[in-house]
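**Student:** Residue numbers (the numbering used here): 3 to 235. Beta carbons are placed, not taken as given, at the ideal position from N, Cα and C, and that holds for glycine.
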Ligand SMILES: Cc1cc2nc3c(=O)[nH]c(=O)nc-3n(C[C@H](O)[C@H](O)[C@H](O)COP(=O)(O)OP(=O)(O)OC[C@H]3O[C@@H](n4cnc5c(N)ncnc54)[C@H](O)[C@@H]3O)c2cc1C
């Protein structure tokens, strides 16, 4: 992490709700309009508050932005994580036109260079920043780009990933549903690319820790692993 990764923390903007969907189990996707002056880089996250609503407990949550500015909408996604917090219950009940305040976006979970192969490893709701990275890289056919997406139930944004794979032969999503297959998939890639690739890992903190340990055992250096731990789960 570098100082410049936190630069956006001092930006504060107001976004408005367009629509909220609940496509799979407890997963909710929130689509928002954002002001013209607001921009961000793929992989960054914002700190969100709900200014017109009373929330009990912590009044803010960090969420990765799943879209890129060029799409003309800001998307975040989250798990209801039962028992659902007052913040999330309030968020899920917002209507079109309601306002949300966002600090940032900012962060360090970004594409590191233009040449290294990319291996993205995400578990569950950790898929959110990967969607933004895939959108940024959707036309990049100059290097292998793999996405290992582990989920015990459905796969969020699968239509988009499959569509990008259809048009870009360099991009390959691999969907797994258990720990064994997930480890097998990314260790295979680690053996293939070794330290020439960057490994982007996002999800709950303990899953990231375990993934880093596995990669380290395969010989991957810490500096080739870029992580986005979802503290708070
Ligand atoms: C850089 C970054 C990016 C992130 N991006 C995302 C993202 O894209 N999507 C996302 O979903 N999250 C993301 N997070 C995590 C997010 O900020 C929240 O911390 C997380 O979603 C949990 O929020 P919550 O309101 O469900 O739980 P909280 O209210 O914050 O509670 C924390 C934990 O305590 C448990 N808990 C709370 N109340 C009770 C109770 N009464 N009884 C038993 N257990 C209880 C909850 O189940 C939860 O596991 C990110 C975090 C970081 C740091």
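#1: By the three-class DSSP mapping on this structure, what secondary structure does residue 53 have?
#2: Would you please state the rounded distance, in angstroms, between the beta carbons of residue 79 and residue 29? I believe it to be under 8 Å.
#3: When you compare the CB positions of residue 201 and residue 127, do they come within less than 8 Å of one another, or not?
#4: By a C-beta neighbour count over all protein chains shown, 10 Å radius and 16 as the cutoff for buried, is residue 45 buried or exposed?
#5: Quick check for students: name the residue ranges of the alpha helix (DSSP H) that lie wholly in the stretch 114-165, counting only runs of 4 or more.
#6: Do you know whose CA, among 230, 225 and 41, lies nearest residue 210's CA?
#7: Give the secondary structure of residue 23 by DSSP, where H, G and I count as helix, E and B as strand, and everything else as coil.
#8: Under 7 Å: does the beta carbon of residue 70 sit that close to some heavy atom of ligand 1?
#9: Are the stretch 182-191 and the stretch 100-110 touching by the rule of at least three beta carbon pairs closer than 8 Å?
#10: From 117, 43 and 40, pick the residue whose C-alpha is nearest to that of residue 172; which is it?
#11: Verify the contact flag: residue 177, CB atom, against every heavy atom of ligand 1, threshold strictly below 7 Å.
#12: Given this structure, state the Cα-to-Cα distance separating residue 69 from residue 129, to the nearest angstrom.
#13: Would you call the CB atoms of residue 104 and residue 59 closer than 8 Å?
**Tutor:** In this structure, then:
#1: The residue you call residue 53 lines up with position 51 of the chain shown. In the structure shown, residue 53 adopts coil according to DSSP, grouped into three states.
#2: As a working mapping, residue 79 is identified with position 77 in the chain shown. As a working mapping, residue 29 is identified with position 27 in the chain shown. Indeed, because the Cβ distance is near 6 Å, the residues count as touching under 8 Å.
#3: Here residue 201 refers to the residue found at position 199 when the chain shown is read from its first residue. Here residue 127 refers to the residue found at position 125 when the chain shown is read from its first residue. Contact: no.
#4: In the chain shown, the residue the question calls residue 45 occupies position 43. Under this definition residue 45 is a buried residue.
#5: Segments of the alpha helix (DSSP H) lying fully in the stretch 114-165: 129-139.
#6: As a first step, residue 210 is located in the chain shown; it is residue number 208 there, counting from the start. Nearest option by C-alpha distance: 230.
#7: The residue given as residue 23 occupies position 21 in the chain shown. When secondary structure is reduced to three states using DSSP, residue 23 falls in the strand class.
#8: As a position in the chain shown, residue 70 is number 68, starting the count at 1. No; taking the cut-off as 7 Å, the Cβ of residue 70 has no heavy atom of ligand 1 nearer than that.
#9: no
#10: The sequence position of residue 172 within the chain shown is 170, counting from 1. Minimum Cα distance to residue 172 is reached at 117.
#11: Counting from 1 along the chain shown, the entry for residue 177 is found at position 175. If you check the C-beta of residue 177 against ligand 1, you find no heavy atom less than 7 Å away.
#12: Counting from 1 along the chain shown, the entry for residue 69 is found at position 67. Counting from 1 along the chain shown, the entry for residue 129 is found at position 127. Taking the straight line joining both Cα atoms gives about 12 Å.
#13: Residue 104 sits at position 102 when you count from the first residue of the chain shown. Residue 59 sits at position 57 when you count from the first residue of the chain shown. No, they are not a contact pair.
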